[in-house]
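A short worksheet on the structure shown next.
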Amino acid sequence: MAVTETLPDCIFCRIAGGGTGTPLVAESEHAVAFRDLHPQAPTHVLVVPRRHLAALREVEAGDAVLVADALGLAVEVARREGILDGGYRVLTNDGADAGQTVPHLHFHVLGGRPLHVPLG
Ligand code: AMP
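Here the sequence shown is numbered in this note's numbering, starting from 6 and rising by one per residue.
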């Protein structure tokens, strides 16, 4: 488990800590959910663990509860957004080639339109 809990210069740590005033659409013990600034679908919400982990590669066995909690929150977001029945996508980008731009683990929750297109 990483020693660092939050980083003062990390935008997602600041959002999760309430320091930016970003409205949350949902939250859980270990994660918060808020709308993406540049939505790629009618619903585009980011689920972000409260604790700072740079990306999926930093998840360790001791983080199982945190990850399960965050993914459960993603399902709850889909339910609240009304996209559970129609279907939705949860994804995380890890590293430059994947297009990760914010180095704090996050899960995109996307839905509200057909998403079965080739991955770009
Ligand atoms: P990724 O490219 O997977 O690292 O995703 C980062 C996402 O964070 C992008 O979709 C950005 O639009 C989004 N983003 C960056 N800064 C903010 C912010 N302050 N509030 C909400 N979304 C943000």
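Beta carbons are placed, not taken as given, at the ideal position from N, Cα and C, and that holds for glycine.
- Contact fails between the stretch 82-92 and the stretch 60-74, because fewer than three Cβ pairs, one in each stretch, are under 8 Å apart.
- Taking C-alpha positions only, PRO28 is separated from ALA66 by approximately 31 Å.
- Excluding its 5 nearest sequence neighbours in each direction, ARG62 has C-beta neighbours in its own chain below 8 Å: ASP99 and GLY100, listed in chain order.
- Of all alpha-carbon atoms in LEU12, ASP14 and LEU51, the one lying nearest the alpha-carbon of VAL30 is that of LEU51.
- When DSSP states are grouped into helix, strand and coil, GLY116 belongs to the strand group.
- Remark: the shortest separation between the CB of HIS111 and any heavy atom of the ligand AMP falls under 8 Å.
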